[in-house]
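Numbering (the working numbering), first residue to last: 27 to 223.
Heads up, the beta-carbon is just placed ideally off N, CA and C, and yes, glycines get one too.
Take a look at the structure:
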């Protein structure tokens with residue numbers, strides 16, 4: 027199996043905005059088009075990472091300054107090592123990222139047959155096929171994933187700062203706390219009477 031060194035791009039207006047980058051040839055000779063990573067595929071990727079690789083995440087070194095290739099390498103390593111604990115999630119992700127080359131062809135029966143054949147092959151793929159699809163997808167998407175990560179980090183930072191401000195603004199001063207909420211007024215300090223015999 028090998029990745030096509032010269033990816034082909036669909037020239038429709040929609041695909042110019044989000045080009046399909048590349049093809050992969052599986053060991054069986056089946057050519058596969060890799061689809062763009064969109065919301066559902068992204069969530070499938072996150073399932074692999076959170077189900078199988080959650081323990082490895084603290085050991086990873088992610089930075090907004092790192093090169094896309096370095097991020098891709100770390101993500102590939104994380105996903106590959108997560109596979110044993112996220113087998114089903116990984117196979118779902120790989121299936122969701124692949125279509126037969128030439129799909130849709132306009133012939134409904136041929137399209138259904140080629141999809142069925144590809145999904146049957148990807149249901150229990152060769153290990154090399156699995157790795158090459160994951161590798162090619164993560165290499166291609168690493169720049170977008172890095173940008174998304176930076177955006178999410180900025181949102182979390184902004185939300186955290188906003189919550190601190192909101193907490194400071196809404197926390198009552200100690201003298202305004204109702205007496206029944208203070209420790210001094212609790213009934214736990216009273217001595218309970220001895221049980222009667």
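- Residue 51 sits in a strand when the DSSP states are folded into three classes.
- Secondary structure of residue 105 (DSSP, three-state): helix.
- Every unbroken stretch of the alpha helix (DSSP H) spanning 4 or more residues and falling wholly within the stretch 124-179 is given here in chain order: 134-149.
- In chain order, 164, 165 and 168 place their CB closer than 6 Å to the CB of residue 98, counting only its own chain and leaving out the 5 sequence neighbours on each side.
- Following the DSSP letters along the chain, one finds residue 71 inside the alpha helix (DSSP H) bounded by residues 65-78.
- Judged by their CB atoms, residue 155 and residue 53 are nearer to each other than the 7 Å cut-off.
- Across the set 112, 142, 92 and 107, the C-alpha of 92 shows the shortest separation from the C-alpha of residue 172.
- Look at residue 96 here: in three-state DSSP terms it is helix.
- Where residue 58 is concerned, the enclosing beta strand (DSSP E) starts and stops at 57-60.
- Note on geometry: alpha-carbon atoms of residue 135 and residue 85 lie some 48 Å from one another.
- From the listed residues 129, 66 and 69, the smallest Cα separation to residue 58 is found for 129.
- Between the stretch 62-79 and the stretch 110-128, the count of C-beta pairs closer than 8 Å reaches three or more; the two stretches touch.
- Spanning the alpha carbons of residue 108 and residue 131 requires a straight line of approximately 36 Å.
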